[in-house]
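Chemist: This is the structure, below, for whatever I ask next.
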Amino acid sequence: MVQLLAATTTACAARALAQTGMLPTVTLFLPMASTGEVAASVITAHIGVQLVQSSWEVSFAIPRRHGVKKKKKKKKRKKKKRKKKKKKKKKKKKKKKKKKKKHRPHCHSPT
1 MVQLLAATTT
11 ACAARALAQT
21 GMLPTVTLFL
31 PMASTGEVAA
41 SVITAHIGVQ
51 LVQSSWEVSF
61 AIPRRHGVKK
71 KKKKKKRKKK
81 KRKKKKKKKK
91 KKKKKKKKKK
101 KKHRPHCHSP
111 T
């Protein structure tokens, strides 16, 4: 973590404010290639506080601007896929077989 210079009054004020929770503390992860000077200048530009030590993980306080709200990112709604309706197969009607009438003779002869 980077230490703020206690000598400057702005540093003292920033630290005090950060402790009270007035300012949000932001953690900046710097790549190993970047030098400490770059890190210090980035933070100095944000709060006007000089930094003594520099490491890859830097925590510093950014003053909150009043009346500026962070915009919330809208979540994209997933479109629901429409289900295709299955076509109902028509049932084939079974044809009724006609019963053949047996030919019955009119005369009732015993023979």
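All residue numbers for the sequence shown refer to the UniProt record's numbering, where the first residue is 1 and numbers rise by one.
Don't be surprised by glycine CBs; every beta carbon is placed ideally from N, CA and C.
Would you decide whether Glu57 is buried or exposed? Buried here means 16 or more other CB atoms lie within 10 Å of its CB.
Modeler: Unreliable placement is indicated for Glu57, whose pLDDT of 44 sits below 50; no coordinate value is reported for it.
Chemist: Quick check: what's the CA-CA separation for Lys85 versus Lys75?
Modeler: One C-alpha to the other measures close to 30 Å.
Chemist: How would you call His103, buried or exposed, if buried means at least 16 neighbouring beta carbons within 10 angstroms?
Modeler: So His103 counts as exposed.
Chemist: Give me the Cα-Cα distance between Cys107 and Lys87, rounded to the nearest whole angstrom.
Modeler: Each residue's Cα considered, the two are about 59 Å apart.
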